[in-house]
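This report concerns only the one structure given below.
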Amino acid sequence: MRIDIITVSPELIKSPFEFSIIKRAIDKKLVEVHFHDLRTYALNDYGKIDDYQFGGGAGMVLMVEPIDKCISKLKAERDYDEIIYMTPDAATLNQQTANTLSLKENMIILCGHYKGVDQRVRDLFITKEISIGDYVLSGGELGAAVLCDSIIRLIPGVLGDETSALTDSFQDDLLSPPVYTRPSDYKELKVPEILLSGNFPKIEEWRNDQALERTKKIRPDLLED
Ligand code: ADE
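Residue numbers are given in the UniProt record's numbering: position 91 of the sequence shown equals residue 91, and the series is strictly consecutive.
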């Protein structure tokens, strides 16, 4: 997989790719991530990439031309399966979307900034718009990092234990059951007997029950279908 991230703040988004599972995926060449500074495609030597919105109103809008130049250059080099725009006014990211995107080959992710991008960017280039939640961030960079993490961990070979992504919360519309490790008794809080029993079919049953109970209590909306 190859991900190209277009941003006005490359330094803001780079560090999540330099640690842990995502770094290992990059080191193993299971994914390539490239950062493109939108200012490289600015209209003038002062780095102009935004302007006031027509019709008045607070906040600057990212202009269509620099984004067109950047996306067109990338599209001339390879085909892209998706060109994604990170924005709060979009459908919210969920596990299903992450699963689908983890099967793609090449993706561009455009991070919004300030008041967002000129609508014509969305009309001309964007194939998918994603929000990471019903709140407004200062830009799309943190959202893009969240999206990339959720996708990259699903690429086969990225997680050591192949089953562990499948047993994540949300993979079957359930939250995960509780997990425990040593010691089995801490400040009089004991690990449930069943987990120490070695009876794996029963353990599986217990975990399913716990997952269902947790979901009913915390996220009943997940069970609505
Ligand atoms: N940019 C600003 N807020 C955002 C959000 N909630 N999700 C994705 N991108 C954003």
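Note that the Cβ used here is the ideal one computed from N, Cα and C, for glycine as well.
Are there any heavy atoms of the ligand ADE lying less than 7 Å away from the beta-carbon of residue i, as far as the coordinates show?
i: V136; result: yes
i: M107; result: no
i: T87; result: yes
i: G112; result: yes
i: G160; result: no
i: S20; result: no
i: S9; result: no
i: I132; result: yes
i: G47; result: no
i: G140; result: yes
i: G143; result: yes
Distance, Cα to Cα, residue i vs residue j?
i: T127; j: R153; result: 23 Å
i: A64; j: G140; result: According to the sequence shown, residue 64 is Val rather than Ala. Approximately 17 Å between the Cα atoms of the pair.
i: S72; j: S15; result: 27 Å
i: E188; j: V179; result: 17 Å
i: C148; j: D225; result: 28 Å
i: G198; j: E204; result: 11 Å
i: V146; j: K75; result: 24 Å
i: D37; j: I108; result: 13 Å
i: residue 226; j: T181; result: There is simply no residue 226 to check, as the chain begins at 1 and stops at 225 in what is shown.
i: T7; j: D50; result: 13 Å
i: S131; j: G143; result: 7 Å
i: A90; j: A42; result: 27 Å
i: G47; j: I67; result: 13 Å
i: W206; j: K190; result: 16 Å
i: S164; j: E129; result: 28 Å
i: Q53; j: I218; result: 42 Å
i: N208; j: F200; result: 12 Å
Quick check on the burial criterion: 16 or more other C-beta atoms within 10 angstroms. Buried or exposed for residue i?
i: S125; result: The sequence as given places Phe at residue 125; Ser does not occur at that position. F125 is buried by the Cβ-count criterion.
i: H34; result: exposed
i: P220; result: exposed
i: T167; result: exposed
i: L101; result: buried
i: F17; result: buried
i: I21; result: exposed
i: D172; result: exposed
i: L175; result: buried
i: S150; result: buried
i: L5; result: Sequence inspection shows Ile at residue 5; the Leu mentioned does not correspond to that position. When all chains shown are included, I5 counts as buried.
i: I3; result: buried
i: P183; result: exposed
i: P177; result: buried
Closer than 8 Å, CB to CB, is residue i near chain C or not?
i: G198; result: Absent from the structure is chain C; it holds one protein chain and no more.
Taking 7 Å as the cut-off, does the CB of residue i come closer than this to any heavy atom belonging to the ligand MG?
i: L62; result: Because the ligand MG does not appear in the structure shown, any question about it cannot be addressed here, the ligands present being the ligand ADE.
*Would you check if there are 3 or more beta carbon pairs closer than 8 Å linking the region 89 to 99 to the region 54 to 62?*
no
*Any beta strand (DSSP E) of 3 or more consecutive residues that is wholly inside the region 186 to 224*: none
*Enumerated in chain order, which unbroken segments of the alpha helix (DSSP H) with a length of 4 residues or greater are wholly contained in the region 51 to 127?*
64 to 77, 95 to 101 and 119 to 124
*asked:* Measuring CB atoms only, is the region 129 to 140 touching the region 66 to 83, in the sense that at least three cross pairs come out at less than 8 Å?
replied: no
*asked:* Using a Cβ distance threshold of 8 Å, determine whether the region 104 to 118 contacts the region 193 to 207, with at least three qualifying pairs required.
replied: no
*Is it true that the region 156 to 166 meets the region 20 to 36, where meeting means three or more beta-carbon pairs spaced less than 8 Å apart?*
yes
*asked:* Extract the residue ranges of the beta strand (DSSP E) inside the region 10 to 54, only unbroken runs of 3 or more that lie entirely within it.
replied: Within the region 10 to 54, complete beta strand (DSSP E) segments of at least 3 residues are found at 32 to 37 and 50 to 52, given in chain order.
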